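> Okay, handing you the structure first.
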C-alpha cells in the first residue's frame, strides 16, 4: 500500500500502482469524469500513470491552470494528426500550450497553406476528437527515437532528440499519430468538444533567423461548445476595447517610426490623463511620508556594474553610450534603484532617519525585440511610479504592509476589484540566477509571506519568479473581460544595500545595513494606462477623464454664451471644451459619443434665454435642462464619490 496526501491535508491509503483517475473515482464519479491530469509531488502527470510510492496528489480539472495546459497541449497533438492526414509529408517542430490555447510549428514543404484552410482542419480535428482515442505514453531509447524520425524524415524532431538524455525520452500516440513528447495528456481525445483555429504566422525554427521559417498555427479548444462561443464573443469585445485602437480614437498617444519603435508619444489628452494619475499618486504618497526625487536618464556603466544589473541585463540592454573621453561609458537608465542608493549615500544616516522613502516617476529604457513590442503594454521607454524605502530590519514588515495598503487604495480608486497577490520567490533548484546569501533571502521571503498573510490577501506562490536581487509580491489584476495583468509590485531587498555599502548608525552607535523595499503600485504608467483603457473601454472615471464636458452650440449665435458657460465651469476646476465646428447638432453629439466625453452641454436659444444648459450623459442620453450651478454641483459630487 501507498499513502496519498490530498490538497486538503487528508491522507488515504491505496494500492501501489494506483493512478489519479482511480483516486478520483474513489472520491466521486463526477470528479473522475472531469479529471484531466494530476499533479504528483509537484509534477504534472497523465491521470492514467501509475503512482508507485507515497505522494502528494492534486487532481487537475478544467478549472486548474495546469489542467487547461494539459487540455491545450493534447489539442496541439490532435491538430497535428489532422494536418498529417490532410497534408501528407508535413513535418512538425514544437506544439506547446500557451496562455490561452496552443500552437504548432509545422513545415508544409511545397504545399500552400493559409487561413482559408482552417475550416477543413477544424472539421477533421473534431472528427478525430469524437473517436475518443486514448493518449498512450511510451518510453523509448534515444536510438529508437532517432530511427523512428529518421524513417519519417522529420529533421525537426531529430534536432530536438539530440538535446535529450537517453532513458528519459517518451513518445505519445493517439490514433494514427505519434509524437516526441514529455506529456502529460488527456485520458482521451473525447474530452474536446469545440475547436477554433485563430491565426497563422511565420516562426523561425528555434527562433533563429538563419534557420528555416515554419508555419505557426494557433488554435483554442474547449470542453463545451458554449464556452467557445463565449470566448469568441470576448475576443470581439477585446478588439473593441483594444487600447491601441482607443488610444488613436481618443487622441491619447501615438508612435512614430522616425522617433523609434516602442517609444510612445503622449498627445495632449493622453498627457492630461497621465498627469492626473501622477498627481493622484503623488498626493497619496505625500500623506504616507514619501519624498520626491529626480534622477538622470543615463548613468555611468559602473553604477550598474555595482548594482549587478550589468551582469544580468547588460547584453540584452541598449548598448553603452560612449563619450569623447576614452574609456568612459554610460547607459540609458534601465531602472531607478541604483540612483536612489546613491541619493541615500549623500549624507550619513541615523536609525532615527529611517524609514527614508524616496519616490520618483522615473523613465527607464530597456531593449525589447521588435516582434515583442505591443502598444503601451510592451515598450522600450516607460515611466515607473518607483519608490525605494530604506528601513531598519525591524521596520520591514510594517513598511511592507503600508505599501500593500497603498497598492489596494490605487486599485479601489480605479475600479480594479478582482486581484490576486502572487508571492514570487526564487527558484530553489537554480540559485545561480540570483545574488545574495541564503540567510538574507530567507529573511526577505519570510517578511513577504507574513505581511501578505496578516493583510488577508488572496495569494498564490510562484517559485522562480523573484527579481534577481530579492523576492516580491506581484499583484495580478483581472480586468472587465476576466484577463489577468501584472500591475503593482513590492520587493524586499537585502542585497543592493550590501553592494552599495549603505549604512546607518544604530542606537548602539554602531554601523548597520538598511533593508530596501522597492515598490511601484502602477508598475509602469504606460502599461497601467493600457490596462485601464481596456478595462473601462475608454470610459474613464470622471475625475480622470481628460475632458469632463463638451459644449455643443446649435449655431454660431450661441458661441458667446458657450464661452461664458465654459469659463464658469473652468473656474470650478471642471475641465472641458467647446465644439465650434459648423456642423449639425446631431453630428456633434455623435462625435462626442465616439470620443467618450462624459457630458455634453447643448446650447440653443431657449438655454441662452434661461441661463441654462441641456445635459446629455455619454451612454445614458438626455438628463434635461440644468442651471450652470446645478451642473457644476452634479459633476463635483460625482468626482468626489
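Residue numbers (our numbering): -2 to 638.
Ideal Cβ placement from N, Cα and C applies to all residues, glycine included.
Treat the numbers as computed from the prediction; the structure is a model and nothing was measured.
#1: Expressed to the nearest angstrom, what Euclidean distance is found between the alpha-carbon atoms of residue 17 and residue 24?
#2: Give a yes or no on whether 8 angstroms exceeds the smallest Cβ distance from residue 305 to chain C.
#3: Can you grab the Cα-Cα spacing for the pair residue 121 / residue 218, in whole Å?
#4: At the level of alpha carbons, what is the spacing between residue 446 and residue 393?
#5: Mind checking which residues open and close the beta strand (DSSP E) that includes residue 219?
#6: So the candidates are 280, 271, 363 and 288; which of them puts its Cα closest to the Cα of residue 316?
#7: On the DSSP bridge assignment, give the partners of residue 104 in chain order.
#8: Hey, how far is the Cα of residue 89 from the Cα of residue 199?
#9: In terms of residues, what are the limits of the beta strand (DSSP E) holding residue 605?
#10: What would DSSP say about residue 60, mapped onto helix, strand or coil?
#11: Helix, strand or coil for residue 463 per DSSP?
#12: Do residue 67 and residue 21 come within 8 angstroms of each other at the CB atom, strictly closer than that value?
#13: Quick one: which unbroken alpha helix (DSSP H) runs of 4-plus residues sit fully inside the stretch 136 to 161? Chain order, please.
#14: Within its chain, find whatever has a CB closer than 6 angstroms to the CB of residue 479; leave out the 5 residues flanking it on each side and keep chain order.
#15: Looking only at its chain, what residues have a beta carbon closer than 7 angstroms to the beta carbon of residue 62, apart from the 5 residues adjacent to it on each side?
#16: Give the range of the alpha helix (DSSP H) segment to which residue 443 is assigned.
#17: Nearest to residue 569 by alpha carbon, out of 491, 72 and 634?
#18: Do residue 129 and residue 175 have their CB atoms nearer than 8 angstroms?
#19: How close, in whole Å, do the beta carbons of residue 441 and residue 491 come, if the pair is a contact with beta carbons under 8 angstroms?
#20: Unbroken alpha helix (DSSP H) runs of length 4 or more, entirely within the stretch 324 to 373: which are they?
#21: Output the distance between the C-alpha atoms of residue 50 and residue 127, rounded to the nearest integer angstrom.
#22: Out of curiosity, what's the CA-to-CA distance linking residue 36 and residue 60?
#23: Considering only residues of the same chain and omitting the five flanking positions on each side of residue 248, which have a CB-CB separation below 6 angstroms?
#24: Could you work out which residue in 311, 615 and 580 is closest to residue 597 when comparing CA atoms only?
#25: Buried or exposed for residue 358, going by 16 or more other Cβ atoms inside 10 Å?
#26: Give the secondary structure of residue 400 by DSSP, where H, G and I count as helix, E and B as strand, and everything else as coil.
#27: Taking C-beta to C-beta, are residue 5 and residue 180 nearer than 8 angstroms?
#28: List the DSSP bridge partners of residue 231.
#29: Let me make sure I understand the geometry here. Which of 221, 377 and 46 has the alpha-carbon closest to that of residue 330?
#30: For residue 607, which residues from the same chain have a beta carbon less than 8 angstroms from its beta carbon, with the 5 sequence-adjacent residues on both sides left out?
#31: Just mark residue 602 as buried or exposed, buried being the case when its beta carbon has 16 or more other beta carbons within 10 Å.
#32: Apart from the five residues on each side of it in sequence, which residues of its chain come closer than 6 angstroms, Cβ to Cβ, to residue 407?
#33: For residue 188, which three-state DSSP category applies?
#34: Can you check which of these residues, 414, 462 and 443, is closest to residue 426 by C-alpha distance?
#35: Measure how close the beta-carbons of residue 380 and residue 274 come, nearest whole angstrom, since I'm counting them as under 8 angstroms.
#36: Can you give, in chain order, each stretch of the alpha helix (DSSP H) that sits fully within the stretch 479 to 551 and has at least 4 residues?
So, to answer that:
#1: 11 angstroms
#2: Judged by its chain identifiers, the structure shown contains no chain C, having just a single protein chain.
#3: 14 angstroms
#4: 12 angstroms
#5: 210 to 219
#6: 363
#7: 88
#8: Between residue 89 and residue 199, the C-alpha separation is close to 14 angstroms.
#9: Run containing residue 605: none in the beta strand (DSSP E); it sits in the alpha helix (DSSP H), 602 to 607.
#10: coil
#11: coil
#12: No Cβ-Cβ contact shorter than 8 angstroms links residue 21 with residue 67.
#13: As far as the stretch 136 to 161 is concerned, its whole alpha helix (DSSP H) runs of at least 4 residues are 139 to 149 and 152 to 159.
#14: Correct list: empty, nothing qualifies.
#15: none
#16: 435 to 451
#17: The residue with the shortest Cα to Cα distance from residue 569 is 634.
#18: no
#19: 6 angstroms
#20: Annotation: the stretch 324 to 373 contains the following complete segments of the alpha helix (DSSP H) (minimum length 4 residues), in chain order: 334 to 341.
#21: 35 angstroms
#22: 14 angstroms
#23: 264 and 266
#24: 615
#25: Counting Cβ neighbours within 10 Å, residue 358 comes out buried, since at least 16 surround it.
#26: helix
#27: no
#28: Answer by DSSP bridge pairing: none, since residue 231 is not bridged.
#29: 377
#30: Answer for residue 607: 622, listed in chain order.
#31: exposed
#32: 518
#33: helix
#34: Minimum Cα distance to residue 426 is reached at 462.
#35: That belief does not hold up - the Cβ atoms of residue 380 and residue 274 are roughly 10 angstroms apart, past 8 angstroms.
#36: 492 to 496 and 522 to 533
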